[in-house]
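Notes to accompany the following structure.
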Amino acid sequence: MRSLNRPITAWAGQRVWLVGASSGIGAALAQELLEAGATVALSARRADLLQNVAAGHARAIVAPFDILDQKAWGKRYLDICQQAGGVDLIVFCAAAYQPERSWDVTSDGAAHTLAVNLGSVYTGLATVLPAMLARGSGGIAIVASVAGYVGLPNASVYGPSKAALINLAELLYSDLHPRGLDVYLINPGFVQTPLTAQNTFAMPALQTPQAAAKAIRRGLASGQFEIHFPKRFTLLVKLLRWLPYRWRFAFITHFLLPQ
Ligand SMILES: NC(=O)c1ccc[n+]([C@@H]2O[C@H](COP(=O)([O-])OP(=O)(O)OC[C@H]3O[C@@H](n4cnc5c(N)ncnc54)[C@H](OP(=O)(O)O)[C@@H]3O)[C@@H](O)[C@H]2O)c1
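When we follow my numbering, the leftmost residue of the sequence shown carries the number 5, and every step to the right adds one.
In structure tokens form, the structure reads like this:
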């Protein structure tokens, strides 16, 4: 069966803009793609960490900015295009996360998480899509999460933001693939990063950022629409999604909530 997207197997000459590249999965994926031969523009707020990721890689472009600053998107895009000649693939990997039960959510906190995780993706799309549509090629990769599959306690704002990203990636595929663009939805399970270091609950099938980066590269190489890993965990959460609500809620109450 033909893959849903163009498989990316050769990275030499690929110009990637990795947004959220200063730590965790983004930093590991940046290293992975730089080592594979891609030119990678590294964005996040902490320029010193981006410099560390770029160290020793001639094809790394350090492009720090705050993704909540709408004007900065355009400026950074122009800088990157001047240095690299364009962007073939953008990876939306930045996120904010706060483990919290629903009664702990504040309006400001929710607005911030939604702006970082979801709003910034719309700004990024408005920045890169005109040129990609004009040339009829390009790739959009959105890092969502298995937390977007089902409503899980503790992910009170993060979970809904990731569910929205899954929905967005699906509609983008229908919209953009007929126009020559590729859309990849990346749904990791638990990965050991500063983001999950805040969790006090058990994280089954926890992976290293390097293993996650390799799984993403393999997924891009096979041209899958949805790249999810590790399968031994993500398939279980998918199964939970298909259970009747009565059974699903019973499972969550018995196994995922403190007794
Ligand atoms: N770790 C997991 O178990 C897991 C599971 C499923 C999905 N994910 C997803 O994987 C992606 C990477 O997460 P991670 O676990 O690697 O977390 P992480 O290490 O905390 O990385 C988050 C990245 O987002 C950037 N970022 C946050 N706010 C930003 C802002 N306002 N402007 C620019 N950059 C900003 C951070 O950079 P600065 O702070 O330097 O700005 C950092 O590079 C996220 O989309 C996350 O939701 C993670």
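Backbone N, C-alpha and C fix where the C-beta goes; we use that ideal spot for every residue, glycine too. The model shown is predicted, which means the values in this text are computed figures rather than measured ones.
- Taking a cut-off of 8 Å on C-beta distances, the region 247-255 does not touch the region 205-217, as fewer than three cross pairs fall below it.
- Between Val23 and Ile94, the C-beta gap is smaller than 8 Å, which places the two residues in contact.
- If you ignore the 5 residues before and after Gly140, its C-beta comes within less than 6 Å of the C-beta of Gly184, all in its own chain and listed in chain order.
- Distance from the C-beta of Ala62 to the nearest heavy atom of ligand 1 is not below 7 Å.
- Burial state of Ser178 is exposed, judged by a 10 Å Cβ sphere holding fewer than 16 other Cβ atoms.
- Distances taken from the Cβ of Pro262 to the heavy atoms of ligand 1 include none shorter than 7 Å.
- Distances from the CA of Ala167 to each of Ile256, Val150, Pro157 were compared; the closest alpha carbon is that of Val150.
- DSSP places Gly143 inside the beta strand (DSSP E), whose first and last residues are 142-147.
- Bounds of the beta strand (DSSP E) holding His232 are 230-233.
- By the CB criterion at 8 Å, Val187 and Ala114 fall outside the cutoff.
- Counting along the chain, Tyr81 sits inside the alpha helix (DSSP H) bounded by residues 74-88.
- Excluding the 5 residues flanking it on each side, His232 has same chain C-beta neighbours closer than 6 Å at Asn191, Thr238, in chain order.
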